[in-house]
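**Q**
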Amino acid sequence: ATYLPSIIVNFLIEDNKDEVAPPEHQSFETCCLFADVSGFTALSEKLAAKGSEGAELLAKHLNSYFEQMVKTIAGSGGDVFKFAGDAMLVLWPPSDEGLAILARRGAQCGMDIQEALHNVQLDEGVSLSVKIGVGVGMINVLHIGGTLHRMEYIATGEPLIQAFHAEHQAVAGNVICSPEAWNLVKEHFQGTVLPGGEKQVLVEKVINPLRKKSVVQTIRKEITSDQEDKVMRKLRQYVPAAAYSFLDSNEEFWGGELRYLTVMFVNLGFTESEMNNIATQGATEKIQKVLCEVQQCVYQYEGSLNKFLMDDKGSTLIAVFGLPPMAHEDDATRAVLASIAICSKLQMLGLHPAVGITTGIAFCGVLGTHTRREYSVMGDTVNLSARLMQKATVSRGGVLCDAATCKAAQGRLVFEKLPEIN
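The working numbering applies: residue 5 is where the sequence shown begins, and numbers increase by one.
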């Protein structure tokens, strides 16, 4: 259960059905905090020079940093909804405290994170900090997929958009509130309205702090013995198969490994407006169909869906070829063929998907703590695939590959050489 946010776990406990019947969704008012680690790219590039050892050190440093962040969030009653590479999306679960109190908890949590983790030195000449945006409002959590009994979950709505926009105005060490969030908390914090007309506010000081509220005491529901098998079966549907070997681990630390992988970063092509209106019947059915098409394409070539996100990059997902329990000598070829199939299928649905594909060494393992963790893939190979996806997005879609992928698939596929990307 620690591989999923409590919001998802509690939903599955309360749901009496034997199987999840996608699409399903939850809606509730909440506070959203988006935290983006600053300095990760510099750290990643520096450690990449150390080869395979660098990817392992990168995961170790980021895990140490996130561990402290997760503890602070849990103490504020927050729920880490998703890890997104070097970023984290946090929601406050449904509560009878009211939105104003949840907003105060979110803003105060952001300030606590900054106090503990601003400008932390993790490697010679490289430090990590965090930029934080806070938003409030009605959120929608969608449960979608179902191909080969594999489920995904995603959150959308105004609080996320507010938090993403606020974080974009931040520099390292800042907590920025959206106008909507600030209107609920302004009597309890000191802040300054940022220039630019959007009325976002830099939070400078907590005036009236709230008492801590442990996430363990407030949001995880008890599972009765007769529920356990059914709930655990449903929970496993949301966890990547590569993480199964870690599920029953009671070790203080979990192992990771360096693997030669092909990573596919996909922008599905949904607009911000479409994702924000996801609770409408037509939009829900469309994204369910889109994800099922993507799942079928990835699973046909025996890849693994690692993350599905709605974040500041848009509606994106990460698929990986070469993870256990399925790895092949031709994983690069499989990834390219899957990406071509995805583009073909989604274009038929009126979307303009964009894909970045890279091949190389990456660290694969568990990120987080005993109370909240996810199986993640990280390193320079993953970062580059995201950059290629963003370049393809600007070019209105298509598939961009790095030189390593082209070389690995040589003789099987034909590639067109493009100018280098700075």
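For glycine and all other residues, C-beta sits at the position ideal for the given N, C-alpha and C. On a predicted model such as this, the values are computed, not experimentally measured, just so you know.
Please go through the same chain and pick out, in chain order, the residues whose beta-carbon is closer than 6 angstroms to the beta-carbon of Val189, but skip the five residues on each side of it.
**A** Hits under 6 angstroms: Ala107, Arg108 and Ala111.
**Q** Do the region 196–214 and the region 112–120 touch if we need at least three Cβ pairs shorter than 8 angstroms?
**A** As far as the Cβ criterion goes, the region 196–214 touches the region 112–120, which means the pair count is three or higher.
**Q** Going along the chain, which residues of its own chain have a beta-carbon closer than 7 angstroms to the beta-carbon of Leu206, five neighbours each way excluded?
**A** Once the five neighbours on either side are set aside, the close Cβ partners of Leu206 are Asn178, Ile180, Gly195, Thr196 and Leu198.
**Q** Would you mind giving the Cβ-Cβ distance between Leu164 and Gly139, rounded to the nearest angstrom? I have them listed as a contact below 8 angstroms.
**A** Their Cβ separation, rounded to whole angstroms, is 7 angstroms, which keeps Leu164 and Gly139 in contact under 8 angstroms.
**Q** Taking only the alpha-carbon atoms, compute the straight-line gap between Thr151 and Glu297 and give it to the nearest angstrom.
**A** C-alpha separation (whole angstroms): 9 angstroms.
**Q** Leaving out five residues on either side along the sequence, give the residues of the same chain with a beta carbon under 6 angstroms from the beta carbon of Val13.
**A** Only Ala5 meet the Cβ criterion.
**Q** Span of the alpha helix (DSSP H) holding Met393?
**A** Its alpha helix (DSSP H) spans residues Asp384 to Val398.
**Q** Does DSSP classify Ala53 as helix, strand or coil?
**A** In this structure, Ala53 counts as coil in the three-state DSSP scheme.
**Q** Among Ser399, Lys217, Ile365 and Val370, which has the Cα closest to the Cα of Glu101?
**A** For the residues Ser399, Lys217, Ile365 and Val370, the minimum Cα distance to Glu101 belongs to Lys217.
**Q** On the DSSP bridge assignment, give the partners of Glu261 in chain order.
**A** DSSP lists Cys368 as partners of Glu261.
**Q** Can you give the Cα-Cα distance for Ala287 and Gln125, rounded to whole angstroms?
**A** Spanning the two alpha carbons is a distance of roughly 45 angstroms.
**Q** Figure out for me which residue from Leu327, Thr385, Ala396 and Ala407 has the closest Cα to the Cα of Tyr379.
**A** Residue Leu327 is the option with its Cα nearest to Tyr379.
**Q** Going by DSSP, which residues form a beta bridge with Thr196?
**A** Its beta-bridge partners are Leu206.
**Q** What residue does the alpha helix (DSSP H) around Glu14 start on, and which one ends it?
**A** For the record, residue 14 in the displayed sequence is Asn; it is not Glu. Run containing Asn14: Ser10 to Glu18, per the alpha helix (DSSP H) assignment.
**Q** Tell me whether Phe274 sits in a helix, a strand or coil according to DSSP, three-state version.
**A** Coil.
**Q** What's the gap between the Cα of Asp40 and the Cα of Asp90?
**A** So the two alpha carbons sit approximately 6 angstroms from each other.
**Q** Within the continuous alpha helix (DSSP H) that includes Leu350, where are the two ends?
**A** Residues Asp335 to Gln351.
**Q** Could you check the C-alpha separation between Asn67 and Arg240 for me, to the nearest Å?
**A** When rounded, the distance between both Cα atoms is 23 angstroms.
**Q** In chain order, which continuous runs of the beta strand (DSSP E) of length 3 or greater are located wholly inside the region 71–137?
**A** With a minimum length of 3 residues, the continuous beta strand (DSSP E) runs that stay inside the region 71–137 are 83–88, 91–95 and 124–127.
**Q** Closest by CA to Gln414, which one among Leu309, Arg377, Ile346 and Arg338?
**A** Answer by Cα proximity: Arg338.
**Q** What residues are listed by DSSP as bridge partners for Ser319?
**A** Answer is Met314.
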